[in-house]
Amino acid sequence: MRLHRLELTAFGPFGGSQRVDFDELSAAGLFLLHGPTGAGKTSVLDAVCYALYGSVPGARQSGQGLTLRSDHAAPGTRTEVTLELTVAGRRLEISRQPPWERPKKRGTGTTVDKAQSLLREHDAVTGAWKNLSRSHQEIGEEITQLLGMSREQFCQVVLLPQGDFARFLRADAEARGRLLGRLFDTRRFAEVEKRLVERRRTTEAQVRAGDSALLADAHRMQQVAGDAMELPDLAPGEPGLAEAVLAAAAVARSTSRELLTTAHCGRLAAESAQAAAERTLDDVRERARLQRRFAEARERAEALEERSGAHRDAQARMERARKAESVAPALELRETADAEHTGAATRAVRARDLLPRRFADAGAAGLAAAARRTAEELGGLESARRGERRLTDLVAERADLDRRERDDEDVLTETEAWLAGWDVLRSDLRARVESAQEAATRAEQLDGRREPAQRRLRAARRRDELARDLEAGRRKALTSQEQAQTARTHWLDLKEQRLNGIAAELAATLADGTPCAVCGATEHPAPARKVAGHVDREAEERALTASRRAEERHAQDERDLGLVREALAAATAEAGDAPADRLAAEAQEAEENYAQARRDASALHPAREELRQAEQEHDRRTAAQREASVRAASRVGHRDRLERERAVLEEELTQARGSAASVAARAAELEELAARLTDAADTARLAEESAERLKAADGRLDEAAFRAGFDTPRAAADALLDDSAHRELQRRLDARQSEEAAVRAVLAEPDTVAAVRQPPADLAVAERSAAAAAERLRTAASAQDAAARRCAELDQLSVRASDGVRRLGPLREEYDRVARLAGLTSGTSADNERRMRLEAYVLAARLEQVAAAATARLQRMSSGRYTLVHSDDRAGRGRSGLGLHVVDAWTGRERDTATLSGGETFFASLALALGLADVVTDEAGGVRLDTLFIDEGFGSLDDQTLDEVLDVLDSLRERDRSVGIVSHVADLRRRIHAQLEVVKGRTGSVVRQRGYRPSGRRGSGEE
């Protein structure tokens, strides 16, 4: 990082604008920043820090940045800092303006402008500056990323405050830890310590929760097992709890399994007894069933014998039906032929009735011939029918031409009338659009005036209300003041009365033989007596309390009155002295004007839409006018062609239609006649054919009835059964046969006959014996099920307890491991011999690097005498890790840095600061720092040491660095030619710059 240019305006002690050219100051490598005390040397460094980070170091940053403004600045001059620098190969310019309290442009009082920032980058190709960002946050993040350092690190590394490092040399381990922690940001290591402690607490809670869950399972096992299990007398977290619970669970499971075996044996015995009872019951039920079966079979046989006559009649009826079935096909054929003949004859008569009388005696062949002749005549009229349809189309087309001609004439007349008023209509619509646009513009302007007017009105009403509240507050404060004075006077009066009668109050406590609290006498011959109206201690305290409460009320009233005054001043500043009525009228007028403008502007869209529609209508009517003219010209020739074709067709059709009204009517007559002739011929032919089929069917039916044994076809027809009657008769015969077979089978069964020979079965006794055996079995099964459930629940709970113990094992190991790590990192573990925390350990490593880097320069400054070393020894009973010692090569002894003299402390702290800068730079990613500032301390050095220190600082130029020294030492002004002098005056401080020109001559300039 290299600084190029710094410009200040109204910043700190600088009332005007000042400019610092760091390129000129850095030409010689070393430059001196000097000036009298209070001139503003540190303010120059504050400006650099403010430009980069938006804030200044330490306690100088307060408020919202308003204290950065110079008290010498003119009221209209805004505070601004601009810094131009090169970092990471990019040339940037940062401009920052802190918040500024300026006079209001309107009215009286002040207002605060917000802080502003601007980041620009120089484009080497175009030579121009381009804006990168105006956001405070984005600029801060960009600069922090480029520098790799926070503001605190930058102030320690670039702006080296020697006093801080002198204190760092003499500080204890805790103070060094706080400084190094800010510089190297070791919060992540402290966070690791915190996380480990939290993890230890979490795992400890989880272990206790696991033990509690294990004990809960043990209590549930005890509830299941009853007296077979005893719980261990251990609490959650105590050693051996898991083993004791598992052992007790094993004993309970063994006892429960023994009980289950006993219950199982009892169930087996009950099952055997129940099976024997069931077998006996089945035998009794079977004997009873067979006895009932034999009795029912005897009853069914008697019923069959009673219905034997009806059965024989049914068999005879079935036999005659089977014989008639052979005649059924001939009967069906004859009925079908008869129905066909009747239908055909009826249709032939109806068809012949529709023909003219000349066809009454014609046969089927004659009717067919007449139909062919009529069809031939109809075919000859087809051409005439087409001509007639064409004539109809010509008439319709001529009528359409006339209609369209009339429509076009109407369109032309209407269009000409509408277009005659187009110019006036368009001008009117455009005027309406322009008027609405002006109203919209006026509404926007009025809208901007509404809110200020409303704010002033609200402020005026609040002002008037606060004025009334102020008067009421004054009266209330005056009243409370009088009440407080009255209460205080009353208390003082009571206090005086009590003091006057205090002797009587003391005498009330006297007793014979007891010493007096005033004189010490044990005899009290004439004690004082309380007079009327005596004031005691309680009355005085009540008066004092009342007085204090009155004073508190008066103080509260005064505070409320002050708040009202402040609010009234603020409202008056915003509303001015204008009456609220006038402001309300102005606001109302603004609202009305705005509403009227809005109403006028609301007509803008309808006016534009109406204009657009009118223009579209104009275009449509103009196009319709052109099209109507073209159509009128084309209709003249078309009309002549239609007239000629019509005359030819009318002559041809007159000849073709004859006496009919039209060709179509003549054709319709012929079509109807041909259809009727064809239908009559077809029906006559079908009637003749059906008569022949009916005659043949009668012959076949007579022959079939004779062969089946019937005298006539009618007797065969009467013997036939329909499907439902046949099925019903067959069902009755089959049922009779099945019933006879079933009865014979039952009466012949050996088991049934043997059962009938035995005594009647007693089913009730057998059922009671079986029920008693089943109840005993259910009782035994319930006992076994309860024992099995007990074993299953104990097994399940034992498995869960074992699983919990297994899961808790890794967790307990993790707790032991985390607890050991937490104690180690926090320095409380016995394994951490030096009681060093993790963060302190990391900082100790950084401090060791800083000490090594500082030693390289300290040896040159001290002529090889001193070396800085890091020490991790414990200081007393505290923790170790951040000790810092100096090794004196002259004595060969190591001693504390607090024993160094003033000059030795200065160059030791300077070496420490430079070493810290190198380490922090490496920690920040190796960002090159080409500009450094060193603040004070050179006055404590002798000439030789000063030369050695300046040689060390001058050696920084070998790395192309420039070092600015802030000092009052006059000898430095002779040794360092490049100087930046800060001169203070009554109107503010100014800077004077002296440096080397490129030619080597010493130059001077003043900004």
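One point on numbering: in this note's numbering, the residue at position 695 of the sequence shown is 696, and numbering is uninterrupted. Backbone N, C-alpha and C fix where the C-beta goes; we use that ideal spot for every residue, glycine too. Computed from a predicted model, the values in this text were never measured in an experiment.
Nearest neighbour of residue i, chosen from the options [CA to CA]
i, options, result
"P14", "H5, T43, L26", "T43"
"A329", "A669, A352, A716", "A716"
"M222", "C792, A971, D919", "C792"
"M862", "A909, E646, V851, Y842", "A909"
"L235", "A253, S213, S770, R443", "S213"
"L795", "V246, A444, R974, Q557", "V246"
"A547", "V21, L778, L495", "L495"
"R457", "A432, A544, Q589", "Q589"
"R318", "L734, E895, Q438", "L734"
"R399", "L261, H137, V637, R293", "V637"
"A278", "L778, W492, E593, Q860", "L778"
"R280", "A363, D22, A774, H535", "A774"
"T83", "G110, L4, A40, A74", "L4"
"L86", "C50, L730, T80", "C50"
"V425", "R632, A585, R407, L612", "L612"
Contact belief for residue i with residue j at Cβ below 8 Å, rounded distance in angstroms
i, j, result
"T826", "R838", "7 Å"
"P37", "R70", "Incorrect: roughly 22 Å between the Cβ atoms, too far for contact."
"A249", "E231", "6 Å"
"L885", "T898", "5 Å"
"L812", "T203", "Contact flag wrong, Cβ pair sits at about 10 Å."
"L844", "H871", "Their Cβ separation, rounded to whole angstroms, is 10 Å, which puts L844 and H871 out of contact at 8 Å."
"I966", "L26", "Not confirmed; about 11 Å, so no contact."
"A802", "L242", "About 11 Å; that fails the 8 Å criterion."
"A291", "T753", "Per the sequence shown, residue 291 should be read as Leu rather than Ala. Contact flag correct, Cβ pair sits at about 5 Å."
"P237", "R209", "5 Å"
"L605", "A437", "3 Å"
"A681", "L356", "6 Å"
Helix, strand or coil at residue i [DSSP, three-state]
i, result
"R894", "strand"
"P999", "Here the model assigns P999 a pLDDT of 46, short of 50, so the residue's position is not dependable, and the following value carries that caveat. Here P999 sits in coil by DSSP."
"G149", "coil"
"G989", "coil"
"L181", "helix"
"S872", "strand"
"Q860", "helix"
"E81", "strand"
"D424", "helix"
"D22", "strand"
"R308", "coil"
"F711", "coil"
"G64", "A caution first: G64 carries a pLDDT of 47, below 50, which makes its placement in the model unreliable, though a value can still be read off. Coil at G64, not helix or strand."
"G879", "With a pLDDT of only 49 at G879, under 50, the local geometry of the prediction cannot be trusted, and the value read off the model is given with reservation. Looking at G879 - three-state DSSP - the assignment turns out to be coil, as it is neither helix nor strand."
"V328", "coil"
"R135", "coil"
"G927", "Interpretation of G927 is limited by its pLDDT of 49, a score under 50 that renders its predicted location unreliable; the figure taken from the coordinates is listed afterwards. Three-state result, G927: coil."
"P528", "coil"
"C517", "coil"
"E231", "coil"
According to DSSP, residues forming a beta bridge with residue i
i, result
"L123", "Checking the sequence shown, residue 123 turns out to be His, not Leu. For H123, which the question treats as bridged, DSSP gives the partners W130."
"P104", "T111"
"T87", "R3, R92"
"F15", "F12"
"Y867", "D889"
"R323", "DSSP output for R323 lists no bridge partner at all."
"Q98", "Q117"
"R221", "DSSP, once it has assigned bridges, lists no residue as partnering R221."
"R70", "F12"
"H35", "E982"
"G884", "S872"
Residue i: CB within 7 Å of a non-hydrogen atom of the ligand NAP
i, result
"D411", "Ligands in the displayed structure: none, and consequently the ligand NAP is not present."
Enumerate, from N- to C-terminal direction, the unbroken alpha helix (DSSP H) stretches of 4 or more residues contained entirely within the segment 765-848.
-> Runs found: none.
Which runs of the alpha helix (DSSP H) fall wholly inside the segment 535-610 and span at least 4 residues, in chain order?
-> DSSP runs (the alpha helix (DSSP H)) wholly in the segment 535-610: 538-576, 581-602.
Entirely enclosed alpha helix (DSSP H) segments - the segment 728-753, minimum 4 residues = Whole alpha helix (DSSP H) segments, 4+ residues: zero.
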